[in-house]
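Following: one structure in structure tokens, then a few remarks.
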Amino acid sequence: MDSTPNKTSPTGPSGANTQQAQLKALYAEMQPHSLYPLWEVLHALVTPTPRSPAQAHLWAYAPARGYLLRAGDLISAEQAERRVLILENPGLAGSSAIVPSLYAGLQLILPGEVAPCHRHTQCALRFVLEGDGAFTAVDGEKAVMRPFDLVLTPNWQWHDHGNASGRPMIWLDGLDIPTVRFYGASFAERLPQPAQSETIPAGDSLHRYGRNLRPFRATAADRRPAQQPLFHYPYAEWRESLLALAAAEAPDPHLGHALEFVNPADGGPVMPTIAAQVRHLPAGFTTLARRSTDGSVFVVVEGRGMALVEGREFALAERDLLVVPSWQALQLQAENRLILFGYSDKAAQEKLGLWREERLAR
Ligand code: 1HN
Numbered sequence: 205m206d207s208t209p210n211k212t213s214p215t216g217p218s219g220a221n222t223q224q225a226q227l228k229a230l231y232a233e234m235q236p237h238s239l240y241p242l243w244e245v246l247h248a249l250v251t252p253t254p255r256s257p258a259q260a261h262l263w264a265y266a267p268a269r270g271y272l273l274r275a276g277d278l279i280s281a282e283q284a285e286r287r288v289l290i291l292e293n294p295g296l297a298g299s300s301a302i303v304p305s306l307y308a309g310l311q312l313i314l315p316g317e318v319a320p321c322h323r324h325t326q327c328a329l330r331f332v333l334e335g336d337g338a339f340t341a342v343d344g345e346k347a348v349m350r351p352f353d354l355v356l357t358p359n360w361q362w363h364d365h366g367n368a369s370g371r372p373m374i375w376l377d378g379l380d381i382p383t384v385r386f387y388g389a390s391f392a393e394r395l396p397q398p399a400q401s402e403t404i405p406a407g408d409s410l411h412r413y414g415r416n417l418r419p420f421r422a423t424a425a426d427r428r429p430a431q432q433p434l435f436h437y438p439y440a441e442w443r444e445s446l447l448a449l450a451a452a453e454a455p456d457p458h459l460g461h462a463l464e465f466v467n468p469a470d471g472g473p474v475m476p477t478i479a480a481q482v483r484h485l486p487a488g489f490t491t492l493a494r495r496s497t498d499g500s501v502f503v504v505v506e507g508r509g510m511a512l513v514e515g516r517e518f519a520l521a522e523r524d525l526l527v528v529p530s531w532q533a534l535q536l537q538a539e540n541r542l543i544l545f546g547y548s549d550k551a552a553q554e555k556l557g558l559w560r561e562e563r564l565a566r
């Protein structure tokens with residue numbers, strides 16, 4: 205490359221003005237042709253460390269629940285298709301996103317209601333916060349939902365919800381809507397009838413695939429897709445495992461006791477874009493700070509405590525919801541036994557070779 209300045213390269217102070225003025229004129233001429241100078245934005249595009257536009261934020265459960273029940277008086281699940289309040293990150297206004305790649309919402313289904321059957325290319329998880337006995341049906345099989353159960357509706361599987369119990373049910377929806385939007389890959393369709401027919405007995409896939417077993421020989425009775433056989437992870441089971449782990453060993457200094465939900469088909473995260481986990485902190489335990497590149501959503505299942513995100517305090521109480529953006533250091537303090545559920549975009553980031561974590565000494 206020729207390193208000598210070209211003929212128009214300015215030298216003195218007036219020359220600098222000339223360069224700035226000429227560049228400005230060039231930008232103005234290029235702009236209508238959709239051409240822009242990289243050198244003006246390079247440092248903002250390729251940052252030395254992550255700079256998520258998302259903000260750490262806490263939604264206290266009681267007020268969010270109040271608004272959701274008010275919506276329940278005003279619009280039916282059938283009319284709304286899904287009666288959901290979006291948890292939108294205050295740093296991502298207008299995006300319906302909780303972190304740039306993920307969506308979160310609180311869904312209400314009242315006794316006797318049906319949320320009509322549809323399928324879409326977005327993956328979804330439900331984490332039950334309140335109520336007992338409503339169901340999600342996935343490709344012809346019902347999962348009867350209890351508090352703090354995790355239920356999946358993987359990509360392109362038919363799903364509807366119903367509530368034959370006598371009480372409202374509220375759950376957290378976690379979807380990869382912004383990721384699918386980013387790739388321009390959203391497809392969706394409605395079933396002509398509101399609910400799909402039940403072709404498989406409730407709980408069937410949990411018995412076939414839920415206990416580290418699988419059918420010895422595939423038969424016509426195995427109706428689940430080979431890559432996504434399990435879609436119900438009951439609270440009673442994950443709680444027992446987490447508490448047994450807590451009784452058996454000291455907590456990890458940065459995580460507490462932590463377990464990840466896995467897809468039994470491949471031992472990987474529950475869905476291609478979303479990973480899910482549970483954590484336990486003994487009473488009085490404080491973690492060291494840790495940051496990771498996955499944007500994470502947490503729900504308090506049990507206990508009280510404090511989350512410090514980059515030193516900012518968020519008091520935690522049961523069923524509260526907290527978002528921790530990429531690369532913001534999280535420290536957790538447990539007042540009494542603290543149990544959290546969380547989901548994040550770690551699954552997608554690991555596939556792309558992007559995921560990192562840093563365990564800090566403070
Ligand atoms: C959806 O299908 C559900 O099935 C909930 O309950 C929330 C948000 C956006 C797109 C699809 C559900 C959703 C959704």
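Going by my numbering, the first residue of the sequence shown is number 205, and it counts up by one from there. Even for Gly, the Cβ is constructed at its ideal location relative to N, Cα and C. The structure presented is a predicted model; accordingly, all values stated were derived computationally and were not measured.
For SER390, three-class secondary structure by DSSP | coil
Using DSSP bridges, identify the partner residues of GLY366.
-> VAL318 and PHE339
Return the residue from the list GLY515, SER500 and THR490 that minimises the CA-CA distance to ARG508.
-> THR490
Contacting residues, own chain, Cβ-Cβ under 8 Å from LEU447 (five flanking each side not counted) | HIS484
Quick one: is the Cβ of LEU379 within less than 8 Å of any heavy atom of the ligand 1HN?
-> yes
DSSP-derived helix/strand/coil call for HIS261 | strand
Report all residues from its chain with a CB closer than 7 Å to the CB of ILE279; omit the five preceding and five following residues, and keep chain order.
-> ARG287
Is any heavy atom in the ligand 1HN found nearer than 8 Å to the beta carbon of ALA389?
-> no
Under a Cβ-count criterion, where at least 16 other Cβ atoms within 10 Å of its own Cβ denotes burial, should PRO433 be classed as buried or exposed?
-> buried
Three-state class that DSSP yields for TRP559 in the structure shown = coil
Quick one: Cα of VAL355 to Cα of MET349, how far?
-> 8 Å
Look at the alpha carbon of VAL503 and the alpha carbon of ILE543, and state the distance between them as a whole number of angstroms.
-> 9 Å
The ligand 1HN heavy atom lying under 8 Å from the CB of GLN311 = yes
Just mark ALA229 as buried or exposed, buried being the case when its beta carbon has 16 or more other beta carbons within 10 Å.
-> exposed
Scan the region 237-297 and note each continuous alpha helix (DSSP H) run of 4 residues or more that stays entirely inside, going in chain order.
-> 246-249, 265-278 and 281-284
Using DSSP bridges, identify the partner residues of LEU463.
-> VAL482
Between the Cα of PRO398 and the Cα atoms of HIS461, TRP243 and GLU285, which residue gives the shortest distance?
-> GLU285
Which runs of the beta strand (DSSP E) spanning at least 3 residues fall entirely within the region 468-539, listed in chain order?
-> 479-485, 494-496, 500-506, 509-513, 516-520, 525-528 and 534-538
Using a Cβ-Cβ cut-off of 7 Å (strictly less than) and excluding sequence neighbours within five positions of ASP408, which residues of its own chain qualify?
-> GLU345
Does DSSP put HIS458 in a helix, in a strand, or in coil?
-> coil
Do ARG494 and GLU539 have their CB atoms nearer than 9 Å?
-> no
Touching or not, the region 231-240 and the region 264-282, by the rule of three or more beta carbon pairs under 8 Å?
-> no
Residue closest to THR357, alpha-carbon to alpha-carbon, out of GLU506, VAL474 and GLY219 = VAL474
Going by the C-beta, is TYR307 closer than 8 Å to any heavy atom of the ligand 1HN?
-> yes
Is it true that the CB of LEU296 sits closer than 9 Å to the CB of ALA260?
-> no
Alpha carbon to alpha carbon, what distance is there between PRO382 and ALA392?
-> 15 Å
Within the present structure, is the beta-carbon of ARG286 separated from the nearest heavy atom of the ligand 1HN by less than 8 Å?
-> yes
Beta-carbon separation (whole angstroms), ASP380 vs THR477, contact threshold 8 Å | 4 Å
Buried or exposed: ARG274, going by 16 or more other Cβ atoms within 10 Å of its Cβ?
-> exposed
Can you list, in chain order, the stretches of the alpha helix (DSSP H) that have 4 or more residues and sit fully within the region 396-460?
-> 408-413 and 439-452
Run the proximity test for HIS411: is its beta-carbon closer than 8 Å to any non-hydrogen atom belonging to the ligand 1HN?
-> no
Do three or more CB pairs link the region 454-462 to the region 414-432 at distances below 8 Å?
-> no
Sort THR222, ALA338, VAL528 and ARG523 by Cα distance to VAL513 and report the nearest one.
-> VAL528
Just to check, is the beta-carbon of THR357 closer than 8 Å to a non-hydrogen atom of the ligand 1HN?
-> yes
Taking 8 Å as the line, does the beta carbon of GLN326 fall inside it for any heavy atom of the ligand 1HN?
-> yes
Is DSSP giving ALA225 helix, strand or coil here?
-> helix
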